[in-house]
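Below is one structure, written out as structure tokens; the observations come after it.
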Amino acid sequence: GVPQGSTLSAMLFSLYINKICESLVFSNSMLYADDLQLYVHTNVKDINNAVASLNADLSTLFQWCNDHGLSLNIAKCKSIILGTSRLLNTIDLNSVNRVSINGRFLKYENMVLNLGIRIMNTLSWSEQVNYVYKRVFQCIYQFKRLCFRPSVEIKIMLISSLVLPLFDYALVTYCDMNNTMIDRLQKALNACIRFIFNLRLDDHVTNYYKQLGWLKIRERLEYNIISLAYKTLNNREPQYLYEKYRFMENVHLRQTRFGSTILQFPIHRTVVYGKAFHTQSIRLLNNLDNSIKDSTSIKNFLKKLKCNLVKRYEQ
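Sequential numbering of the sequence shown, starting at 1, is according to the UniProt record's numbering.
Structure, rendered in structure tokens:
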């Protein structure tokens, strides 16, 4: 065990568990603290072979946990088949072998919760967006029931500390959401502005975003995408994201004027890939003004970026 509450607890646990993925043979894995996801890619006709490979790794994983004094919480383990709606309609789940752990079979879910994000089997973000939407209005409802009448300053503090994190948490994960979902989140964010300033439903709110220095959903999404991409390029971590970026000076034999600041744009033929984080981040970074790119620190870069996005409301 590790001392509870100690600053070393997380580090010691990570050092202890980090080798857990080395026992896997057939599966890809993503590990965050004590949360582990295993996944395999396959076509429909080979799906049972993929499940068999996954079960083999799960058996090895279960044994590794026993050997190292750890307990695998099977009750919290979920299995899901991800794909497009058209692809999933061709799969008969009754004929697909089940994922099993120590003799216990897991049913295939339509939606799973992964580190607070609701992932549907079709990779639609409707459940996640609806969750954020409902939580925001629940918070506003609770604020309105306070036994005292808060000032504008207190309302700003309440929304900033308790509600805005609901929008920002893992926002880049669902950066490919459609316009309907973006508009739904924007409606919830507008409700926060109306609560702060006691506005009517038909009052315009853009000037209040400018006054507070807040970003609307589309700009907030851009800010989060660019922020993560810029930090990834500067810190070269996480590796699985960093290795996807290539500057033009590393692609062309001839040196170009902006080769060290322009990223190679990936060739893509689908709308889905065009909305992916990797593609969007390169497009947004390449379109940034050089005065922002040339910032001396990440903090300075983010400050300039936010100011640039807020300026859109002045037009």
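Heads up, the beta-carbon is just placed ideally off N, CA and C, and yes, glycines get one too.
Item: What separation, rounded to the nearest whole angstrom, lies between the Cα atoms of residue 106 and residue 86?; Value: 24 Å
Item: How would you label residue 222, buried or exposed, when you count the other beta carbons within 10 angstroms and need 16 or more for buried?; Value: buried
Item: Could you tell me whether the Cβ atoms of residue 210 and residue 314 are closer together than 8 Å?; Value: yes
Item: Ordered along the chain, which non-local residues of its own chain (more than five positions away) have a Cβ less than 8 Å from that of residue 54?; Value: 26, 27, 38, 40 and 99
Item: How would you write the range of the beta strand (DSSP E) that residue 31 sits in, first residue to last?; Value: 28-32
Item: Taking the straight line between their C-alpha atoms, what separation do you get for residue 64 and residue 111?; Value: 28 Å
Item: I'd like the span of the beta strand (DSSP E) that includes residue 118, first residue to last.; Value: 117-120
Item: Have a look at 263, 275, 76 and 286 and flag the residue whose alpha-carbon is nearest the alpha-carbon of residue 104.; Value: 76
Item: Going by DSSP, what residue range makes up the beta strand (DSSP E) through residue 151?; Value: Looking at the DSSP string, residue 151 is not in any beta strand (DSSP E), and its letter there is neither H nor E.
Item: Does the beta-carbon distance from residue 291 to residue 226 come in below 8 Å?; Value: no
Item: Let's see if you can read the secondary structure: which residues bound the beta strand (DSSP E) around residue 114?; Value: 111-114
Item: Can you look up residue 19 in the DSSP assignment and give me helix, strand or coil?; Value: helix
Item: Report the CB separation of residue 283 from residue 264 in whole angstroms; it is logged as a contact under 8 Å.; Value: Incorrect: roughly 12 Å between the Cβ atoms, too far for contact.
Item: Can you check whether the CB of residue 84 is closer than 8 Å to the CB of residue 122?; Value: yes
Item: Using the C-alpha atoms, what's the distance from residue 162 back to residue 131?; Value: 15 Å
Item: Determine the direct distance from the alpha carbon of residue 190 to that of residue 257, and round the result to whole angstroms.; Value: Unreliable positioning characterises residue 257 in this predicted model, as indicated by a pLDDT of 48, which lies under 50. A coordinate reading is not provided.
Item: Name the DSSP bridge partner or partners of residue 91?; Value: According to DSSP, which records beta bridges pairwise, residue 91 is partnered with nothing at all.
Item: Given residue 234, which residues of its chain have a CB within under 8 Å of its CB, disregarding the five upstream and five downstream residues?; Value: 298
Item: With a Cβ-Cβ cutoff of 8 Å, do residue 195 and residue 148 count as a contact?; Value: no
Item: Within a Cβ cutoff of 6 Å, which residues of the same chain sit near residue 262, ignoring the five residues on either side of it in sequence?; Value: 248 and 286
Item: Rounded to whole angstroms, what's the CA-CA distance from residue 240 to residue 57? Just pull it up for me.; Value: 22 Å
Item: Shortest alpha-carbon distance to residue 72 belongs to which of 48, 34 and 81?; Value: 34
Item: Rounding to the nearest angstrom, what Cα-Cα distance links residue 259 and residue 296 in this structure?; Value: Here residue 259 scores only 48 on pLDDT, less than 50, and its place in the model is too uncertain to base an answer on.
Item: Which same chain residues, not among the five before or five after residue 139, have their C-beta less than 7 Å away from its C-beta?; Value: 162 and 163
Item: List the whole-angstrom C-beta distance separating residue 32 from residue 115, where the pair is believed to meet the contact cut-off of C-beta under 8 Å.; Value: 6 Å
Item: Tell me, to the nearest whole angstrom, how far the beta carbon of residue 152 is from that of residue 197; I am working on the premise that it is less than 8 Å.; Value: 7 Å
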